[in-house]
Amino acid sequence: MWLIDCCFSLLCSCCCRSPTTVTMQNEEGKMVDLYVPRKCSATNRIITAKDHASVQINIGHLDANGMYDGHFTTFALSGFVRAQGDADSSLDRLWQKRKAEIKQ
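Residue numbers for the sequence shown follow our numbering, so the first one is 98 and each next one is one higher.
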C-alpha cells in the first residue's frame, strides 16, 4: 500500500519541496543561493525549468500495521517519461528497488 502525495511543477514553490539549494559567496562577497536542478529518477536527465509536465511524487513509508511512519521517498519524473507513457512502469520499478533497500 502506498501513500502518495503528488506535487506538480506547475504549482507554486511554497506548496512543494523546492530543489536543493546551497549557499555560496559571489564575487562581491554576498551570500547567494546556488540553484541545484532536479533530475528525473527514471532517466537521470536534468529536469529543466521549462518542463511543466514534470511531477515530483512523495511515497510514504508504512510500518508493520500499515500506518504512515512520517518518512517518505521522493521521486521526480520528467515530462518526457510521462509523455512516452512510461511513468507508471518507471515509478513501479523505482519503488520496488527502493522498497528492497529500506526493507519495507
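The C-beta atom is built at its ideal place from N, Cα and C for all residues, glycine as well.
Mind checking who residue i pairs with in its DSSP beta bridge?
{"i": "Ala173", "result": "Gln153"}
{"i": "Val129", "result": "Met121"}
{"i": "Ile143", "result": "Lys136"}
{"i": "Leu159", "result": "Tyr165"}
Would you call residue i buried or exposed, if buried means 16 or more other Cβ atoms sit within 10 Å of its Cβ?
{"i": "Gln153", "result": "buried"}
{"i": "Arg190", "result": "exposed"}
{"i": "Ala184", "result": "buried"}
{"i": "Leu131", "result": "exposed"}
{"i": "Arg142", "result": "exposed"}
{"i": "Val129", "result": "exposed"}
{"i": "Ser186", "result": "exposed"}
{"i": "Val133", "result": "exposed"}
{"i": "Val119", "result": "exposed"}
Under 8 Å, do residue i and residue j count as touching if we go by C-beta distance?
{"i": "Phe169", "j": "Ser138", "result": "no"}
{"i": "Ile144", "j": "Ser175", "result": "yes"}
{"i": "Asp148", "j": "His158", "result": "no"}
{"i": "Ala146", "j": "Arg179", "result": "no"}
Just verifying my parser: in three-state terms, what is the DSSP assignment at residue i?
{"i": "Asp185", "result": "helix"}
{"i": "Lys196", "result": "helix"}
{"i": "Arg190", "result": "helix"}
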